[in-house]
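A.B. asks: Same order as they appear, the protein sequences are chains A and B.
Position one of the first sequence corresponds to residue 9 (the working numbering), numbered consecutively onward.
Position one of the second sequence corresponds to residue 9 (the working numbering), numbered consecutively onward.
2 protein chains.
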Amino acid sequence: MAAFNEHGYHGTTVRDIARRVGVTVPALYYHYENKQALLVTLLETSMSDVLGRCRAAVAEAGDDPVDRFSAIVECIVVYMANRRGLAFLDSEIRSLEPENRARYVELRDSLQYMLLDTVEAGIEQGSFTTPIPADASRAILTMCQGVANWYRSDGALTPSDVAERHVLLCLGTVGYLAPREPAKPASLRQARENAGARTRDSVG
Amino acid sequence: MAAFNEHGYHGTTVRDIARRVGVTVPALYYHYENKQALLVTLLETSMSDVLGRCRAAVAEAGDDPVDRFSAIVECIVVYMANRRGLAFLDSEIRSLEPENRARYVELRDSLQYMLLDTVEAGIEQGSFTTPIPADASRAILTMCQGVANWYRSDGALTPSDVAERHVLLCLGTVGYLAPREPAKPASLRQARENAGARTRDSVG
DNA sequence: GGGTCAAGAGTGAACGATCGCTAAGTGGAT
DNA sequence: ATCCACTTAGCGATCGTTCACTCTTGACCC
């Protein structure tokens, strides 16, 4: 993953991967069919992982669409910040053969639909106001995945900090306005109330 | 650009580039020092181009931070939708040698600061309410550049449509709330008023 | 329990192909 | 005569991949 992330798929040599793992090249070919299989395995397990975590987070979040939405965003951002190696996720799918690419896109779409479901639920109950939930969901997923591109663990913000900020940003993107009843995580509730407070100040 | 976009930097052969251009390989080397120079030229001219367009758009937009902000977002998205070949922009900078990479990052930062300036101006006049303008600016730039990754010209939306929607989304991201005096482009004014209308409905 | 054998996991060496790049030469315009 | 734009041919290096082989482990039969 580190190698693919540093040099890209074509820029990474099988010899380099073997060296990092600490085995010889034919040993890699004993476990994986070819170079592409290495990338496919990496992409699919990673995407499945983040998808699974988001499903779990959403299940824990309860019934409120706003909580569910926040949980997904938080989950994705924390994952991306903690595992920066996945920055290349979306930029290397062009190196996949069609059927491998299709399987990966399917996983990614699951995540986007999950997001879209909560956004639409939020709109239905009046919490979210965006007239274009599908575009908003795609944009949010893009900006959350983008975190992996710039986050550095030696910076000032922890992954949780970044996640909290992105929850705030994303709530704005879907047109969330009014502050709500206290949510479960204290940090999220605080961020949301901050947004709500400023909202009220500005609206007057 | 098409070749780099399809296969990535390392995945593109000099022979392929030469073939697409319609010349032989040494003819390329007569005009460019090496393969990297081809990528550098492409990245820098493209980034300078979008930066110049944004500067022009912001100059035309007048003094209102909201108008200026909207103009930048619209400009970037239209550019990305029209020239999809630039999708690889941010994913190929890792293939650059350090000094080339630094020059490109500098250009990109100019764009981000331009965005940040308008966001902060908007906050100062009370139009935008986000407490984290820097994070918002970065997130917005990420999601606007992301348009190049999925936009297809054979889809239902024109570049202008997509730009309009992203203006709406991005206004939400920076915490824009109240509808304002009519702006210049009718489509933008309409989108903004839609957002405002729904905002008022929801807040009650 | 000792001998046999098959499978698993890995190695060193090398294959053909293709890569980025260049030396040397050609034709035409100034 | 000289430079520009470009060509053909081919260089050495490196790529993904495979061949043939070794070593270890564990199951099996007598």
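Every residue, glycine too, gets a C-beta built ideally from N, C-alpha and C.
All of these numbers come straight from a predicted model, not from anything done at the bench.
Return the chain-ordered list of same chain residues with a C-beta closer than 6 Å to the C-beta of G212/A, the five sequence neighbours on each side being excluded.
C.D. replies: Here G212/A scores only 19 on pLDDT, less than 50, and its place in the model should not be relied on; the value that follows carries that caveat. Once the five neighbours on either side are set aside, G212/A has no close Cβ partner at all.
A.B. asks: Between the Cα of A171/A and those of Q44/B, R27/B, I140/B and C152/B, spot the shortest distance and give me the residue it belongs to.
C.D. replies: The shortest C-alpha separation from A171/A is found at I140/B.
A.B. asks: Given a threshold of 16 other Cβ atoms within 10 Å of its Cβ, counted over all protein chains shown, does N42/A qualify as buried or as exposed?
C.D. replies: Its Cβ having fewer than 16 others within 10 Å, N42/A is exposed.
A.B. asks: On the CB-based measure, 16 or more other CB atoms within 10 Å of its CB, does Y17/A come out buried or exposed?
C.D. replies: Buried.
A.B. asks: Measure from the C-beta of M122/B to each C-beta in chain A and report whether the shortest distance is under 8 Å.
C.D. replies: No, its Cβ sits nowhere closer than 8 Å to a Cβ of chain A.
A.B. asks: Let me see if you follow: with CB-CB separation under 8 Å, is G93/B close to chain A or not?
C.D. replies: Not closer than 8 Å to any Cβ of chain A, the Cβ of G93/B fails to qualify, so no.
A.B. asks: Output, in sequence order along the chain, the residues in the region 48-77 of chain A whose CB is closer than 8 Å to any CB in chain B.
C.D. replies: Result list empty, no residue passes.
A.B. asks: Take G130/B as the anchor and find which of D75/B, V22/B, G93/B and R160/B has the nearest alpha-carbon.
C.D. replies: Of the candidates D75/B, V22/B, G93/B and R160/B, the one whose C-alpha sits nearest the C-alpha of G130/B is D75/B.
A.B. asks: Quick check on the DSSP output: the alpha helix (DSSP H) that includes N108/A runs from which residue to which?
C.D. replies: Looking at the DSSP string, the run of the alpha helix (DSSP H) that includes N108/A is P106 to E132.
A.B. asks: What does R173/B reach in chain A if we use C-beta pairs closer than 7 Å?
C.D. replies: Correct list: I140 and D143.
A.B. asks: Mapping the DSSP letters down to three states, classify Y17/B as helix, strand or coil.
C.D. replies: Note: Y17/B maps to coil in three-state DSSP.
A.B. asks: Can you give me, in chain order, the residues of the region 149-161 of chain A that have a beta carbon less than 8 Å from any beta carbon in chain B?
C.D. replies: Flagged, chain order: T150, M151, G154, N157 and W158.
A.B. asks: Considering just the uninterrupted stretch of the alpha helix (DSSP H) at N157/A, what are its terminal residues?
C.D. replies: Element bounds for N157/A: V155 to W158.
A.B. asks: Any chance the region 32-46 of chain B sits against the region 32-48 of chain A, with 3 or more Cβ pairs inside 8 Å?
C.D. replies: Verdict: no, contact absent.
A.B. asks: Note down, in chain order, every chain B residue with its Cβ under 7 Å from the Cβ of E105/A.
C.D. replies: Correct list: empty, because the minimum Cβ distance to chain B is about 13 Å.
A.B. asks: Give the residues of chain A in contact with R116/B, contact being defined as C-beta atoms less than 8 Å apart.
C.D. replies: What R116/B touches in chain A: nothing, since even the nearest Cβ is about 11 Å away.
A.B. asks: Near H174/B, which residues of its chain fall below 8 Å by C-beta distance, leaving aside the five closest residues on each side in sequence?
C.D. replies: Excluding residues within five positions, the ones whose Cβ falls inside 8 Å are V81, E82, V85, M151, C152 and V155.
A.B. asks: For the alpha helix (DSSP H) that contains T32/A, what are its first and last residues?
C.D. replies: T32/A -> no alpha helix (DSSP H), and no H or E assigned at all.
A.B. asks: For D98/B, which residues in chain A fall below 9 Å Cβ to Cβ?
C.D. replies: S99, G154 and N157, listed in chain order.
A.B. asks: May I ask which residues mark the beginning and end of the alpha helix (DSSP H) holding Y40/A?
C.D. replies: Run containing Y40/A: none; DSSP gives neither H nor E here.
A.B. asks: Put D71/A into one of helix, strand or coil per three-state DSSP.
C.D. replies: Three-state result, D71/A: coil.
A.B. asks: What in chain A is Cβ-close to A147/B, meaning under 8 Å?
C.D. replies: Those are M151, G154, H174 and L177, listed as they occur along chain A.
A.B. asks: I need the straight-line Cα distance from A89/A to V33/B, nearest angstrom please.
C.D. replies: Between A89/A and V33/B, the C-alpha separation is close to 42 Å.
A.B. asks: With a threshold of 8 Å, are at least 3 pairs of Cβ atoms found where one atom belongs to the region 109-122 of chain A and the other to the region 61-72 of chain A?
C.D. replies: These segments touch.
A.B. asks: Could you spell out the range, first to last residue, of the alpha helix (DSSP H) harbouring G180/B?
C.D. replies: P167 to T181 is the span of the alpha helix (DSSP H), which, as asked, contains G180/B.
A.B. asks: When the Cα atoms are used, what is the spatial distance from S168/B to H15/A?
C.D. replies: Approximately 35 Å between the Cα atoms of the pair.
A.B. asks: Along the region 17-28 of chain B, what residues have a CB closer than 9 Å to any CB found in chain A?
C.D. replies: Those would be Y17, H18, G19 and T20, in chain order.
A.B. asks: Could you check what DSSP says for L185/B in three-state terms: helix, strand or coil?
C.D. replies: Three-state result, L185/B: coil.
A.B. asks: What's the C-alpha gap between A11/B and Y112/B?
C.D. replies: Answer to the nearest angstrom: the Cα atoms are 20 Å apart.
A.B. asks: Determine the DSSP secondary structure at M88/B, reduced to helix, strand or coil.
C.D. replies: Helix.
A.B. asks: Using a Cβ-Cβ distance under 8 Å, would V86/A count as near chain B?
C.D. replies: Taking Cβ atoms only, chain B never reaches closer than 8 Å to V86/A, which makes this a no.
A.B. asks: Thinking just about the alpha-carbon of each residue, which of G19/B, D72/B, M55/B and L115/B is nearest to the one in R91/B?
C.D. replies: Comparing Cα positions, the closest option is M55/B.
A.B. asks: Within a Cβ cutoff of 7 Å, which residues of the same chain sit near Y184/B, ignoring the five residues on either side of it in sequence?
C.D. replies: Cβ neighbours of Y184/B beyond the five flanking positions: V74, S135 and F136.
A.B. asks: Comparing C-alpha positions only, which one of G180/B, L115/B and T166/B sits nearest to R57/B?
C.D. replies: A small fix is needed here, since residue 57/B is Asp in this sequence, not Arg. Among G180/B, L115/B and T166/B, the Cα nearest to that of D57/B belongs to L115/B.
A.B. asks: With a CB to CB cut of under 7 Å and the five nearest residues on each side skipped, what residues in its chain are close to A95/B?
C.D. replies: Within the same chain, A95/B has close Cβ partners N13, A156 and N157.
A.B. asks: Checking contacts by CB at 8 Å: is R102/B closer than that to chain A?
C.D. replies: Chain A, which has a Cβ nearer than 8 Å to the Cβ of R102/B, makes this yes.
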